[in-house]
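Chemist:
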Amino acid sequence: MSGAPEMREETWERSAGPAPTTVTVLGEAVVDLVPEPDGRYAAHPGGSPLNVAVGLARLGVPTRLLARFSTSALGRRLREHAAANGVDLRHAVDAAEPATLAVVSVTDDGNAGYDFYVEGTADWAWQPNELAAVLAQRGIVHAGSLAVFLPPGADRVGAALRAARDHGMIISLDPNIRPGLLGAPAEARARVDHLVRHAHVVKASSEDVDWLYPGETVEQVLHHWYDLGVTLGVVTLGPRGAVARSGNRLLRQATPAVEVVDTIGAGDAFTAGLLAVLSRSGAGPAWPDDEISAALRYAVAVAAATCARTGADPPHRDELPGPPTDSSGRPPDGTYR
37 MSGAPEMREE
47 TWERSAGPAP
57 TTVTVLGEAV
67 VDLVPEPDGR
77 YAAHPGGSPL
87 NVAVGLARLG
97 VPTRLLARFS
107 TSALGRRLRE
117 HAAANGVDLR
127 HAVDAAEPAT
137 LAVVSVTDDG
147 NAGYDFYVEG
157 TADWAWQPNE
167 LAAVLAQRGI
177 VHAGSLAVFL
187 PPGADRVGAA
197 LRAARDHGMI
207 ISLDPNIRPG
217 LLGAPAEARA
227 RVDHLVRHAH
237 VVKASSEDVD
247 WLYPGETVEQ
257 VLHHWYDLGV
267 TLGVVTLGPR
277 GAVARSGNRL
287 LRQATPAVEV
297 VDTIGAGDAF
307 TAGLLAVLSR
317 SGAGPAWPDD
327 EISAALRYAV
337 AVAAATCART
347 GADPPHRDEL
357 PGPPTDSSGR
367 PPDGTYR
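So the mapping is simple: our numbering equals the position in the sequence shown, first residue as 1, plus 36.
Right, dumping it as structure tokens:
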């Protein structure tokens, strides 16, 4: 992994543009048990794919979620949450298995950790007929997190993504690494690299990259993904924003200042913001630099808004401010770079 792409500094340019194409999100819906100030736990809808789907729908993007919802009380709550936020669930599956649980811990600085209860739960028992119909359509398919790793369904999810690409769909991937469930990094890295070969867009956090590719810089990993065929690779850097690679160019985006309540769902909110802009482009997967820059800026704004409130609660489109430009059309210093 090597290479020194050209560095570019971008300005904010965003227009209404064409109507967004549909985004299909494939993966798990999880119950997050989040600690309350009194020490008790409250159940909240979660899971990276569900969070991304809700985030996209709140941003005005037509979104369908292909998930296996438990028919238990907790599973029904997850389904109701998605439906109440305008997510299309016509191809979602009603499953007899129990819902997956994630027990959340939050550090003093707002960073979230997770302990998962996944044995025998609904999210990993995919059958081929459950994945066939929706993935033969057009638009963007986003997948990732535990659904692309955990057996017995992970291999079927991977095959569905390859089939979707063959049908002309744009494939987006977020590995969203959960080390406690994945064994050795080398095995997970081999699986991620296999999936990356079939993706147009790959987004990961710097923590994901550090665990998957120890000793490699973010820039080296982005170059590695580019060599595997990725059109747009993005790594989020927490409070330092994000860096992306498109072709031989690196684009960097700072994060707006925000008082962090917690980081639950922040990465998923970033993904929703990124895909919300890309879904409105007629150029995909060959996005020009200005559209990628706009997508990065919108993504960090969506993630920052999510960090400013409790839990995975991404903003609605009308909650986000317009682009912060001065009369020259450039962003003011210290806001976006």
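Where is the CB? At the ideal position from N, CA and C, for every residue including glycine.
Predicted, not measured: the structure shown is a model, and the values here were computed from it.
Is the region 142-156 touching the region 115-129, taking contact as three or more C-beta pairs under 8 Å?
Modeler: Too few Cβ pairs lie closer than 8 Å, so no.
Chemist: Could you tell me whether the region 192-204 touches the region 256-264, where touching means 3 or more Cβ pairs closer than 8 Å?
Modeler: They do not touch, by the three-pair rule.
Chemist: Pull up the distance between the alpha-carbon of PRO250 and that of SER242, whole angstroms please.
Modeler: Taking the straight line joining both Cα atoms gives about 11 Å.
Chemist: Based on DSSP bridge pairs, tell me the residues matched to ASP151.
Modeler: DSSP lists VAL139 as partners of ASP151.
Chemist: In the DSSP output, which residue or residues are listed as bridge partners for THR57?
Modeler: Answer is none; THR57 lacks a bridge partner.
Chemist: Three-state secondary structure (DSSP) at TYR77?
Modeler: TYR77 falls in the strand class under three-state DSSP.
Chemist: Evaluate contact between the region 207-225 and the region 298-313, counting only Cβ atoms and requiring at least three cross-stretch pairs below 8 Å.
Modeler: Contact between the region 207-225 and the region 298-313 is present, because at least three Cβ pairs lie under 8 Å.
Chemist: With burial defined as no fewer than 16 other Cβ atoms inside 10 Å of the residue's Cβ, what is the status of TYR334: buried or exposed?
Modeler: So TYR334 counts as buried.
Chemist: Between which residues of its own chain and GLU45 is the CB-CB distance below 6 Å, once the five residues before and five after are set aside?
Modeler: Interpretation of GLU45 is limited by its pLDDT of 34, a score under 50 that renders its predicted location unreliable; the figure taken from the coordinates is listed afterwards. Within the same chain, GLU45 has no close Cβ partners at all.
Chemist: Can you give me the Cβ contacts of VAL257 inside the same chain, cut-off strictly under 6 Å, excluding the 5 residues immediately before and after it?
Modeler: Cβ within range, chain order: VAL245, TYR249.
Chemist: Would you mind sorting GLN163 into buried or exposed? The rule is 16 or more other CB atoms within 10 Å of its CB.
Modeler: Exposed, since its Cβ has fewer than 16 Cβ neighbours within 10 Å.
Chemist: Going by Cα to Cα distance, which pick from ALA220, GLU72, ARG94 is closest to PRO351?
Modeler: Among ALA220, GLU72, ARG94, the Cα nearest to that of PRO351 is on ARG94.
Chemist: Assign GLY111 to one of two classes, buried (16 or more other C-beta atoms within 10 Å of its C-beta) or exposed (fewer than that).
Modeler: Classification for GLY111: buried.
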